[in-house]
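A.B. asks: This structure is in structure tokens; I'll ask about it shortly.
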Amino acid sequence: IRKQKREDERREKAQRRDRQADPSPPTFYAGGRSVQQLRLRPGGRYVTFTLYDSPDGRERGQVIDYVTESGYARTRGARAKVGRPGGVSQLYVQDLRRDTTYRVDLAQLPSSRDVPASRRKRPDAPDSLDRSPRAYGPYWSGNGEHAVIDVRSRDNKDRWLARLNPRTGDLTVLDRQHDDAWIAGPGITWGGGSSEVGWYPDGERFYFQSEETGYSHLYAVNVETGEKTQLTSGDFEVADPRLSRDGATWLFRSTRHSPHSWQVYRTPADVGSGEATRLTKPRGGNVDAFAPSPDGERLALLRSKKNRPPEVHLMAMQRAESLRRVTHSPTEAWQRYDWRDPEVVHFEASDGAQVPAQVYRPDDPNGASVLFVHGAGYLQNVKRGWGHYFREYMFHNLLAERGYTVMNVDYRGSAGYGGDWRTAIYRHMGGRDVQDYVDAQRYLKRKYGIGPERSFIYGGSYGGFLTLMALFTEPEHFGGGAALRAVTDWAHYNHTYTANILNTPQTDSLAYARSSPIYHAEGLEDPLLIAHGVMDRNVLFQDVARLAQRLIELGKEDWELALYPVEGHGFEEPSSWTDEYRRILELIEESVGPRRTGRTSVESSGAR
């Protein structure tokens, strides 16, 4: 409590200091609507803004803080749930010269009222549908001659880039992207806004990213002629495009060399003027981020390897051999340990796809395995660089040292492998992605002779959800599991993430029923640890409370619920991390490891 109080006081003091140094005007409301995206055209005359009308009476979730200074429990606000009534956002233009303001009609965009494919075949399908498109921008060219808006339908199945005539409000479509599942990909945000877009210095060409070909690539469109050009192409991803100041050269990160290796590439900005040149060498490690120097002569890189965390490097733009490491972050004690470099493998899934994975091989195998499930869903964990899960990486080294074969998989829905891989979970989370883990266990059986009763599965957030679905729907393939901060009912998660993949509970109840662990809990047959932070405002504690009640009603045994009263979605206290992973390790040892008591994957040893 004292630590939290000190942090709150420091935060409040910093906020007061910021307000005094850079006072911001208060939010202005027009008729109960909030003013957002206030922008001024270069040179003046036109002001653009959106008016957002928030729905009335929208309920929000709550979390309860039990560890307080006063001794009294205190409720704290959290997010609303998927399917909530959506607010209305409308784009306006104010002409300062004519002293007039008008609304831009987004209904003029083609196909803006199309009925989604998932609803067209239903008997009650409407002929058209108000999909409440929302505009982001406009993005003005440097000379102020042109403005482009980035528009998303509320269901995120359509994206339009359109030139805005600020005098009339007319829109000219420059590009339309459509996905029967949902619009996303590197450089393309899930909910609109903050995508990779911008202008060439000539003020005529506008660049953006699109998954039109199945992978996220870089495009440019002439806003005067409407001519669109694809600047990169191939079965690989492009991210973080950076245009040189003179508009002559593109720099970007890409998996062109390998889907597991992100490197920096350079290509002329003029159409058809040459192939992309790789500037960095894969053997130097993965490029996690980069920045060119203002003069364009050097690159600053954040590089890492699978067994080495990111470090800052510098290199001359044209000479990879000039690469020089600038920072040395790990402690000497950390560097003394011989951290494993997990092998990248591919196994064939039941549908014929080649699924990527990493394998930690023990020197002295004990005949058991641990399958790790990364979170987020849309995240890449199998790469030749330092992963997001550094704690788990070190834990996996400990497991390998104790004889376990450890495997983590970039299952269907993961990032880095194109649009089809990303959307393979549409309308059924816990379907194809769980099957990839079933196929991973079969691979371990074929390759290393490890049977399902000796295979443990665990993960956090989406990984916790997938662990529950694996144990509830495919129990014969696993011997135990740990679900951390897991979603148990998707109808209780947030709107932006969930509605993209499952639509809404009101329009697609089947997708929610088959994707939510709480509806499949009767399938639990193996030892299970459920761990959750009580202060989690992302996946609310209510999720696991409801699942625990369901398991009690079903008379399930051999499961345990561990609560962390001061923790949110991502733990902060070292003691909490230590307690959680001690419990995971103990359950691994008891359920599939050397201390197991002879149970099979369909036997129970009593309540824990």
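The sequence shown lines up with residues 666 to 1273 when you count with the working numbering. Where a beta carbon is used, it is the ideal one built from N, C-alpha and C, also for glycine. Source: prediction; values computed, not measured.
Grouping DSSP H, G and I as helix and E and B as strand, with all else coil, what is Pro1274?
C.D. replies: Outside the shown range of the chain (666 to 1273) lies residue 1274, about which nothing can therefore be said.
A.B. asks: Per DSSP, what kind of secondary structure is Phe1143 in: helix, strand or coil?
C.D. replies: Coil.
A.B. asks: What residues are listed by DSSP as bridge partners for His662?
C.D. replies: In the structure as shown, the chain starts at 666 and stops at 1273, and residue 662 therefore has no counterpart that could be examined.
A.B. asks: Hey, out of Asn808, Tyr1025, Ala812 and Leu967, whose CA is closest to Gly802's CA?
C.D. replies: Residue Ala812 is the option with its Cα nearest to Gly802.
A.B. asks: Compare the beta carbon distance of Arg931 and Thr914 with 9 Å and say whether it is the shorter of the two.
C.D. replies: It is a contact, given that the beta carbons lie within the stated cut-off.
A.B. asks: Which residue wins for smallest C-alpha separation from Glu1254, given the options Gly1068, Tyr1082, Val977 and Arg948?
C.D. replies: Considering only alpha carbons, the answer is Gly1068.
A.B. asks: Over what stretch of residues does the beta strand (DSSP E) that includes Asp840 continue unbroken?
C.D. replies: Taken as a continuous stretch (DSSP letters only), the beta strand (DSSP E) holding Asp840 covers Leu836 to His843.
A.B. asks: From Ala1033 to His1157, what distance separates their C-alpha atoms?
C.D. replies: The alpha-carbon atoms of Ala1033 and His1157 are separated by roughly 35 Å.
A.B. asks: How many angstroms separate the CA atom of Gly1220 from the CA atom of Arg1211?
C.D. replies: About 14 Å.
A.B. asks: What do you reckon, are the CB atoms on Gly834 and Val758 nearer than 9 Å?
C.D. replies: Against a cut-off of 9 Å, the Cβ pair of Val758 and Gly834 comes out as a contact.
A.B. asks: Helix or strand or just coil, what does DSSP make of Pro803?
C.D. replies: Of the three classes helix, strand and coil, the one that applies to Pro803 here is strand, per DSSP.
A.B. asks: The beta strand (DSSP E) with Ser719 in it runs from where to where?
C.D. replies: Premise fails: Ser719 is in no beta strand (DSSP E) and is neither H nor E.
A.B. asks: Whole angstroms is fine: what's the gap from Pro947's alpha carbon to Thr766's?
C.D. replies: The straight-line gap from Cα to Cα measures roughly 54 Å.
A.B. asks: Using 9 Å as the threshold, is the C-beta distance between Glu1222 and Arg1248 below it?
C.D. replies: It is not a contact, given that the beta carbons lie outside the stated cut-off.
A.B. asks: Where DSSP assigns a beta bridge to Asp1175, which residues make up the other side?
C.D. replies: Checking the sequence, you will find Leu at residue 1175 rather than Asp. Note: Leu1175 sits in no beta bridge, so no partner.
A.B. asks: Taking only the alpha-carbon atoms, compute the straight-line gap between Arg637 and Arg723 and give it to the nearest angstrom.
C.D. replies: With the chain covering only 666 through 1273, there is no way to say anything about residue 637.
A.B. asks: Spell out a yes or no on whether the region 1143 to 1153 and the region 1124 to 1132 are touching, meaning 3 or more CB-CB pairs, one atom from each, closer than 8 Å.
C.D. replies: Yes: the two stretches touch, three or more of their Cβ pairs being nearer than 8 Å.
A.B. asks: Considering only DSSP beta bridges, list what Asn1073 is partnered with.
C.D. replies: Paired residue(s): Gln1023 and Phe1037.
A.B. asks: Work out the CA separation of Ser806 and Gly708 for me, nearest whole Å.
C.D. replies: Gly708 and Ser806: Cα-Cα distance of roughly 11 Å.
A.B. asks: Are the region 1160 to 1168 and the region 1197 to 1216 in contact at 8 Å, needing three or more beta carbon pairs?
C.D. replies: Result no; under three Cβ-Cβ pairs closer than 8 Å.
A.B. asks: In this structure, how does DSSP classify Ile853 when only helix, strand and coil are distinguished?
C.D. replies: Residue state, collapsed to three classes: strand.
A.B. asks: Between the alpha carbons of His993 and His1234, how many angstroms are there, rounded?
C.D. replies: Straight-line Cα distance between these residues: approximately 30 Å.
A.B. asks: Could you say which of Trp855, Ile848 and Ala827 lies nearest to Tyr872 if we only look at CA atoms?
C.D. replies: The option with the nearest alpha carbon to Tyr872 is Ala827.
A.B. asks: Are Leu1133 and Asn1073 closer than 9 Å when you measure CB to CB?
C.D. replies: For Leu1133 and Asn1073, no; Cβs fall outside 9 Å.
A.B. asks: First and last residue of the alpha helix (DSSP H) that includes Pro1239?
C.D. replies: From DSSP, the alpha helix (DSSP H) with Pro1239 extends over Pro1239 to Ser1256.
A.B. asks: Decide yes or no for the touch test of the region 834 to 848 against the region 773 to 792: beta carbon pairs closer than 8 Å, at least 3 of them.
C.D. replies: Yes: the two stretches touch, three or more of their Cβ pairs being nearer than 8 Å.
A.B. asks: Run through the region 771 to 825 for me and flag every whole beta strand (DSSP E) of 3 or more residues, listed as ranges in chain order.
C.D. replies: Taking only runs of at least 3 residues, the beta strand (DSSP E) segments lying wholly in the region 771 to 825 are 799 to 805 and 812 to 817.
A.B. asks: Going along the chain, which residues of its own chain have a beta-carbon closer than 6 Å to the beta-carbon of Pro975, five neighbours each way excluded?
C.D. replies: Cβ neighbours of Pro975 beyond the five flanking positions: Asp953, Leu967, Ser969 and Trp1051.
A.B. asks: For Val1047, count the other beta carbons within 10 Å of its own beta carbon; 16 or more makes it buried, fewer makes it exposed. Which is it?
C.D. replies: Classification of Val1047: buried, given that the 10 Å Cβ count is 16 or more.
A.B. asks: Exposed or buried, which one is Pro1283 when buried takes at least 16 other CB atoms within 10 Å?
C.D. replies: Past the edges of the chain, shown from 666 to 1273, lies residue 1283, and the structure says nothing about it.
A.B. asks: Leaving aside the five residues before and after Thr733 along the sequence, list all residues of the same chain whose C-beta is less than 6 Å from its C-beta, in chain order.
C.D. replies: Only Arg739 meet the Cβ criterion.
A.B. asks: Please name the residue, chosen from Phe955, His1197, Gly697 and Thr1070, that lies closest to Arg1005 on a Cα-to-Cα basis.
C.D. replies: Arg1005 has its Cα closest to that of Thr1070, out of Phe955, His1197, Gly697 and Thr1070.
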